[in-house]
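Adding 356 to a residue's 1-based position in the sequence shown gives its number in the numbering used here.
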Amino acid sequence: MKSRFDQPSPWRRLQPLISGFDLPLVGIILVLATIGLTAMYSAGYDHGSRFVDHGRNMVLAATVLFLVAQVPPQRLMALAVPLYSIGVLLLVATALFGISKKGATRWLNVGIVIQPSEILKIATPLMLAWWFQRREGRPRTHDFVAAGLLLLVPAGLVAKQPDLGTAILIFSAGFFVLFLAGLSWKLIAPVVLGGGLAITALIIASPTLCQPDVDWVVLHGYQKGRVCTLLDPTTDPLGKGFHIIQGMIAIGSGGLTGKGFMKGTQTHLEFIPERTTDFVFAAYSEEFGLVGNLVLIAAFTALIIRGLTITWEAPSVFARLMAGSVTLSIFTYAMVNMGMVSGILPVVGVPLPFISYGGTAMVTMGLSLGILMSIARARRNG
Numbered sequence: 357m358k359s360r361f362d363q364p365s366p367w368r369r370l371q372p373l374i375s376g377f378d379l380p381l382v383g384i385i386l387v388l389a390t391i392g393l394t395a396m397y398s399a400g401y402d403h404g405s406r407f408v409d410h411g412r413n414m415v416l417a418a419t420v421l422f423l424v425a426q427v428p429p430q431r432l433m434a435l436a437v438p439l440y441s442i443g444v445l446l447l448v449a450t451a452l453f454g455i456s457k458k459g460a461t462r463w464l465n466v467g468i469v470i471q472p473s474e475i476l477k478i479a480t481p482l483m484l485a486w487w488f489q490r491r492e493g494r495p496r497t498h499d500f501v502a503a504g505l506l507l508l509v510p511a512g513l514v515a516k517q518p519d520l521g522t523a524i525l526i527f528s529a530g531f532f533v534l535f536l537a538g539l540s541w542k543l544i545a546p547v548v549l550g551g552g553l554a555i556t557a558l559i560i561a562s563p564t565l566c567q568p569d570v571d572w573v574v575l576h577g578y579q580k581g582r583v584c585t586l587l588d589p590t591t592d593p594l595g596k597g598f599h600i601i602q603g604m605i606a607i608g609s610g611g612l613t614g615k616g617f618m619k620g621t622q623t624h625l626e627f628i629p630e631r632t633t634d635f636v637f638a639a640y641s642e643e644f645g646l647v648g649n650l651v652l653i654a655a656f657t658a659l660i661i662r663g664l665t666i667t668w669e670a671p672s673v674f675a676r677l678m679a680g681s682v683t684l685s686i687f688t689y690a691m692v693n694m695g696m697v698s699g700i701l702p703v704v705g706v707p708l709p710f711i712s713y714g715g716t717a718m719v720t721m722g723l724s725l726g727i728l729m730s731i732a733r734a735r736r737n738g
């Protein structure tokens, strides 16, 4: 009979669970979490329980990260088909029986109210990575065509809700898998060139195209309004252009070093709309200035570089594609949010990772980073 002195210590019991964790990745996550908590305290300390809730969401996301990191990539791959299938079925159910708010049908009551599109942010790249793993890393043209259809189904259903911001995020996450799987530049370059020409033509013709009686057909009226407001926010400074104008004023007024922690006038005088969610970057910029922005961008850059390093060293096709998609998706989140707050991109409701308030987005981020950590552990322990 063993005495209690023969029992392993708590540290010995915990060690197998954290063995192989990527310490540089953990360090970068802690830096971003610290910046996020600092920014949220300043922007949201007088905004109900936002700061406390943000901290709780981070703890929940960290728990999800830790648990998912324990799952080997092979088992994650087994979840691809069922998770994708359930997600698409829930999107169809949302279209038929969903809850509508402010003209959008994005929520579904399944005992609790959920937003199925959030599932597809992970399920879509997971499914596509599984698909190309089955092709043994040598996909042919028809494999890319089938993968494109698998991507367009959820992206199209979400865009139809309408939720263009989430649809873009789902599409970009899936597209990164296709790109890393070897999608030819001969197919990508014409699309990029065509998009560039279309944007140039839109800018030149915007005085005509943005007239109220011009129907854009492919976009809803509010989506057209977002694009036209981006091109010239001064046309409606107290309406649709208010968000962009106030965001740019806050960022510019921060100057080199900012106004100081909790001293942002645009923020605390309520000029910045959605100051704890979509436009938290404007509040952060006002108080910490260009120096603070460079620190934040450097932290995100370090996260992307570390993620791409894990991608490069991944032990399988599935792991490489999934790690690359997760990493580049985080880049997309950060770029789109900072771009829309700065007046470079249309306002599409994309949160800034770690910084913006939002439980679902934070848990999704924890899940994504958990997958990345799982792949890093498989490389180290394998």
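For every residue, glycine included, the Cβ atom is placed at its ideal position computed from N, Cα and C.
Whole angstroms is fine: what's the gap from VAL420's alpha carbon to GLY376's? Computed Cα separation, rounded: 17 Å.
By the DSSP assignment, the beta strand (DSSP E) with ILE455 in it spans what residues? For ILE455, the enclosing beta strand (DSSP E) stretches over residues 455-457.
Just confirm the distance between the C-beta atoms of MET718 and ALA417, as a whole number of angstroms; I'd bet it's less than 8 Å. Right, the Cβ-Cβ distance comes to about 5 Å (below 8 Å), so this counts as a contact.
Taking the Cβ atom as the reference point for each residue, do LEU728 and LEU432 lie within a distance shorter than 8 Å? Judged by their CB atoms, LEU728 and LEU432 are not nearer to each other than the 8 Å cut-off.
According to DSSP, is ALA460 helix, strand or coil? Note: ALA460 maps to strand in three-state DSSP.
How many angstroms separate the CA atom of THR590 from the CA atom of ARG406? If you take the alpha carbons of THR590 and ARG406, they lie about 32 Å apart.
Suppose the cutoff is 8 Å on Cβ atoms and the five residues either side in sequence are ignored; what does the same chain contact list for LYS619 look like? The residues are GLU643.
Can you name, in chain order, every residue of its own chain whose Cβ lies under 7 Å from the Cβ of GLY411, other than the five neighbours on each side? If the five residues before and after GLY411 are omitted, its C-beta is found closer than 7 Å to the C-beta atoms of LEU393, all from its own chain and listed in chain order.
Less than 8 Å between the beta carbons of VAL704 and MET694, yes or no? Cβ atoms of VAL704 and MET694: not closer than 8 Å.
Classify ARG676: buried if its beta carbon has 16 or more other beta carbons within 10 angstroms, exposed otherwise. Classification for ARG676: buried.
Which residue from PHE422, MET691 and ALA734 puts its Cα closest to that of PHE674? Here the closest residue by C-alpha is ALA734.
Using only alpha-carbon positions, find the residue among LYS477, ILE478, LEU447 and LEU476 that is nearest to TRP463. For the options LYS477, ILE478, LEU447 and LEU476, the alpha carbon positioned closest to that of TRP463 is the one of LEU447.
Report buried or exposed for LYS477, applying the criterion of at least 16 other Cβ atoms within 10 angstroms of its Cβ. Counting the other CB atoms within 10 Å of its CB gives LYS477 a total of 16 or more, which places it among the buried residues.
For VAL704, three-class secondary structure by DSSP: Of the three classes helix, strand and coil, the one that applies to VAL704 here is coil, per DSSP.
Excluding the 5 residues flanking PHE500 on each side, which residues of the same chain have their C-beta closer than 7 Å to its C-beta? Result list for PHE500: LEU534 and LEU539, in chain order.
Straight-line CA distance for GLY616 to ALA545? Their backbone Cα atoms lie some 45 Å apart in a straight line.
Mapping the DSSP letters down to three states, classify ILE653 as helix, strand or coil. Look at ILE653 here: in three-state DSSP terms it is helix.
Bridge partner(s) assigned by DSSP for GLN465: Rather than Gln, the amino acid found at residue 465 in this sequence is Asn. In DSSP, ASN465 forms a bridge with VAL469.
Pop quiz: VAL424 and GLY726 are said to be a contact at Cβ under 8 Å. What is the actual Cβ separation, rounded to whole angstroms? 3 Å between Cβ atoms; contact.
Measuring straight from C-alpha to C-alpha, what distance separates ILE475 and MET483? Rounded to whole angstroms, ILE475 to MET483 spans 12 Å at the Cα level.
Rounded separation between LEU612 and ASP378 - CA only: Rounded to whole angstroms, LEU612 to ASP378 spans 34 Å at the Cα level.
Secondary structure at GLN602, three-state DSSP: helix, strand or coil? Note: GLN602 maps to helix in three-state DSSP.
Applying the 10 Å Cβ sphere with the 16-neighbour rule, what's the burial state of LEU445? By the neighbour-count rule (16 or more Cβ atoms within 10 Å), LEU445 is not buried but exposed.
Around the Cβ of ARG494, are there at least 16 other Cβ atoms within 10 angstroms (buried) or fewer (exposed)? Taking a 10 Å sphere around the C-beta of ARG494, we find fewer than 16 other C-beta atoms and assign the residue as exposed.
Tell me, please, whether the segment 653-670 touches the segment 621-631 by the rule of three or more beta-carbon pairs shorter than 8 Å. The way I'd put it, the segment 653-670 doesn't touch the segment 621-631; fewer than three beta-carbon pairs between them come closer than 8 Å.
Tell me whether MET357 sits in a helix, a strand or coil according to DSSP, three-state version. Because the pLDDT of MET357 is 46, which lies under 50, any placement of that residue in the model is unreliable, and the question is left without a value.
Identity of the residue in ALA670, ILE607, MET678 and ILE653 nearest PHE687 by Cα: For PHE687, the nearest C-alpha among the options comes from ILE653.
Buried or exposed, going by whether 16 or more other CB atoms sit within 10 Å of the CB of PHE361? Low local confidence applies: a pLDDT of 49 at PHE361 is under 50, so the model's placement there is unreliable, and no value is given.
Using 8 Å as the threshold, is the C-beta distance between THR522 and SER473 below it? The answer is yes: Cβ separation under 8 Å.
Kindly list the residues whose CB is nearer than 8 Å to the CB of LYS358, restricted to its own chain and excluding five residues on each side of it in sequence; keep chain order. Per-residue confidence for LYS358 stands at a pLDDT of 48, beneath the threshold of 50, marking its modelled position as unreliable; the derived number appears in the next sentence. Listed in chain order, the non-local C-beta contacts of LYS358 below 8 Å within the same chain number zero, local neighbours out to five positions each way being set aside.
Select from THR632, LEU435 and ALA732 the residue whose C-alpha is nearest the C-alpha of ALA479. Nearest C-alpha to ALA479: LEU435.
Among residues of its own chain, excluding the 5 on either side of ALA690, which ones have a beta-carbon nearer than 7 Å to its beta-carbon? For ALA690, where only same-chain residues beyond five positions count, the Cβ hits under 7 Å are PHE656, LEU708 and PRO709.
Whole angstroms are fine: how far does the CA of THR564 sit from the CA of LEU507? Distance between the alpha carbons of LEU507 and THR564 is about 34 Å.
Nearest-angstrom Cα distance between ILE731 and GLN602? Distance from the CA of ILE731 to the CA of GLN602, rounded to the nearest whole angstrom, comes to 41 Å.
Within its chain, find whatever has a CB closer than 7 Å to the CB of GLN299; leave out the 5 residues flanking it on each side and keep chain order. No information on residue 299 is available, as it lies outside the stretch 357 to 738 that the chain covers here.
Using the three-state DSSP reduction, which class does HIS403 fall into: helix, strand or coil? DSSP places HIS403 in coil when its eight states are reduced to three.
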